[in-house]
Amino acid sequence: MNFLSITSSNDMWKKVSQFAQNCSWRAGKSLSQSMSDNIFSDWERVIVALHENDIAGYCTVAKSDCIPNVSYTPYIGYMFVDEKYRGQHLSQKLIFYAISYLQTQGFHQVYLVSDHENFYEKYGFKVIDKKMAPWGEFEKIYMREI
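Now the structure itself:
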């Protein structure tokens with residue numbers, strides 16, 4: 005498995021955007037739109053897990069996430085692993101790749117937003133806040149020292 009952190013100048017950008025658009029997770033369409041609109045700037049990246057030429061999963065590192073009016077940054081977001089690659093600890097590998105990248109950018113904490121129970125805790129994240137998301141459900145904000 006190879007991991008890449010990509011920007012819009014990377015040859016994989018459109019392929020990853022199309023993969024996100026067509027993946028089984030509804031938030032993939034939102035990521036695809038953000039990639040098409042090229043909202044990523046500075047150090048923000050899409051991180052891709054590749055098995056040979058297949059996209060196995062992705063996540064993002066970005067200044068903000070879906071919860072408005074909070075000062076937390078940076079975030080790991082849009083975590084997705086394709087069904088045929090699940091059970092191989094790819095989420096963990098994507099998280100650690102993202103953390104490694106963020107450390108090179110000078111960050112000492114990382115955040116993520118999720119409603120998953122007992123998933124991100126095993127990777128060292130702790131719930132630090134709970135906020136209403138724009139779609140009307142409460143989401144937990146996690147933090148991890150890096």
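In this note's numbering, the protein residues as written are 5 to 150. Cβ atoms here follow ideal geometry from the backbone N, Cα and C, with glycine treated the same way.
For Thr64, the enclosing beta strand (DSSP E) begins and ends at Asp58 to Ala66. For Phe142, the enclosing beta strand (DSSP E) covers residues Phe142 to Glu149. Assigned with DSSP and collapsed to three states, Ile80 falls in strand. The C-beta of Glu143 has 16 or more other C-beta atoms within 10 Å across all chains shown, which makes the residue buried.
Contact between Glu48 and Val65 holds, with the beta-carbon distance rounding to 6 Å and staying under 8 Å.
DSSP places Asn26 inside the alpha helix (DSSP H), whose first and last residues are Trp17 to Asn26. If you check the CB distance, Ile51 and Ser104 do not come in under 8 Å.
With fewer than three CB-CB distances shorter than 8 Å, the stretch 87-99 does not count as touching the stretch 31-41.
Here Met39 carries a helix assignment [DSSP, helix/strand/coil].
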